[in-house]
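For reference, the structure discussed in these notes is given below.
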Amino acid sequence: MIHSGTFTIDTPRLLLRRFEPYDLETMHKNWASVPSVQIEYGEPVYKEIEEAKVLLEKYISGYESDSFYRWAVIEKASGENIGQIAFCRVYEELRAAEIEYCIGTAFQGRGYAGEALSAVIENVFKRTDFRKLEAYHRAENTKSGRVLEKSAMHTTDNVERFRQQGLTPEGEICYCIERY
Numbered sequence: 001m002i003h004s005g006t007f008t009i010d011t012p013r014l015l016l017r018r019f020e021p022y023d024l025e026t027m028h029k030n031w032a033s034v035p036s037v038q039i040e041y042g043e044p045v046y047k048e049i050e051e052a053k054v055l056l057e058k059y060i061s062g063y064e065s066d067s068f069y070r071w072a073v074i075e076k077a078s079g080e081n082i083g084q085i086a087f088c089r090v091y092e093e094l095r096a097a098e099i100e101y102c103i104g105t106a107f108q109g110r111g112y113a114g115e116a117l118s119a120v121i122e123n124v125f126k127r128t129d130f131r132k133l134e135a136y137h138r139a140e141n142t143k144s145g146r147v148l149e150k151s152a153m154h155t156t157d158n159v160e161r162f163r164q165q166g167l168t169p170e171g172e173i174c175y176c177i178e179r180y
């Protein structure tokens with residue numbers, strides 16, 4: 001499989017790039033310590049900045065692999081880390097990946113998640129040989145569903161995460177986009 005690793009993507013309002021040590025303060029402030037973001041995202045709340053530092057170091061060490069895809073979402077206007085977007089699972093044999101993302105509460109409702117997701121989809125399909133990108137959200141998280149739909153993803157019966165576990169989604173809505 002042809003991998004590119006995490007590369008920089010420039011959009012009109014965002015810079016998507018690798019995480020750097022100096023992201024710690026705004027990452028922690030804007031989303032990693034925010035219960036409503038982390039709980040919806042299915043991740044722990046990093047109350048202490050030292051806890052977030054461990055997470056950040058894990059992200060940064062991941063860049064040693066060209067099959068690691070995790071972007072810091074930087075708002076150009078403020079220069080702050082307002083979220084992240086990543087491939088939480090890569091299925092090399094299928095040339096597929098599962099996308100996850102989060103945007104800090106103070107920055108939601110501005111179209112940032114859709115802008116980041118659309119840019120990642122477009123650029124990953126140009127630079128790699130991924131054939132399919134998947135995502136899912138809890139049924140009650142309708143905002144995430146709108147982001148996925150606006151990014152040209154469409155609903156599908158299942159995603160690889162559940163297939164490999166012999167499960168069918170219960171309370172999750174699955175999406176995908178395929179390279180044509």
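Heads up, the sequence shown is in the UniProt record's numbering, so the first residue is 1 and it goes up one at a time.
Backbone N, C-alpha and C define an ideal beta-carbon position, used for all residues, glycine too.
Closer than 7 Å by C-beta to residue i: which residues in its own chain qualify, once you throw out the five before and the five after it? Chain order, please.
| i | result |
| --- | --- |
| Arg17 | Thr8, Trp71, Ala72, Ile74 |
| Asp23 | Leu56, Ala72, Asn81 |
| Gly145 | His137, Ile173 |
| Thr155 | Ile173, Cys174, Tyr175 |
| Arg131 | Arg95, Ala96, Glu178, Arg179 |
| Gln164 | none |
| Tyr46 | His28, Ala32, Ser33, Ala52, Leu55 |
| Tyr125 | Going by the sequence as given, residue 125 is Phe instead of Tyr. Once the five neighbours on either side are set aside, the close Cβ partners of Phe125 are Arg179. |
With a cut-off of 8 Å on the beta carbons, I'd call residue i and residue j a contact; round off their distance for me.
| i | j | result |
| --- | --- | --- |
| Tyr101 | Ile85 | 4 Å |
| Arg179 | Glu115 | Actually they do not touch by this definition, with Cβ atoms about 20 Å apart. |
| Ala52 | Ala32 | 5 Å |
| Tyr69 | Thr6 | 5 Å |
| Leu133 | Ile99 | 6 Å |
| Glu40 | Asn123 | Rounded, the Cβ-Cβ distance is 26 Å, inconsistent with contact. |
In the DSSP output, what is residue i paired with across the bridge?
| i | result |
| --- | --- |
| Lys132 | Ala96, Glu178 |
| Cys102 | Gln84 |
| Glu172 | Arg138 |
| Ile9 | Leu16 |
By the DSSP assignment, the beta strand (DSSP E) with residue i in it spans what residues?
| i | result |
| --- | --- |
| Thr155 | 154 to 156 |
Could you tell me the boundaries of the alpha helix (DSSP H) in which residue i lies?
| i | result |
| --- | --- |
| Gln164 | 160 to 164 |
| Asn123 | 112 to 127 |
| Gly145 | 142 to 150 |
Keeping to the same chain, check which residues put their C-beta closer than 6 Å to that of residue i; ignore five residues upstream and five downstream.
| i | result |
| --- | --- |
| Ser4 | Arg127, Thr128 |
| Ile60 | Phe19 |
| Thr26 | Glu80, Asn81 |
| Glu48 | none |
| Phe107 | Ile82 |
In chain order, what residues of the same chain lie with their CB nearer than 8 Å to the CB of residue i, ignoring the 5 residues before and after it?
| i | result |
| --- | --- |
| Ala139 | Gly171, Glu172, Ile173 |
| Ser36 | Thr105 |
| Leu148 | Leu117, Ala135, His137, Tyr175 |
Please tell me whether residue i has its Cβ less than 7 Å away from any Cβ of chain D.
| i | result |
| --- | --- |
| Asp23 | Reference to chain D is not applicable here, since this structure consists of a single protein chain. |
Alpha helix (DSSP H) runs wholly inside the region 13 to 85, at least 4 long, in chain order: 24 to 27, 35 to 41, 49 to 62
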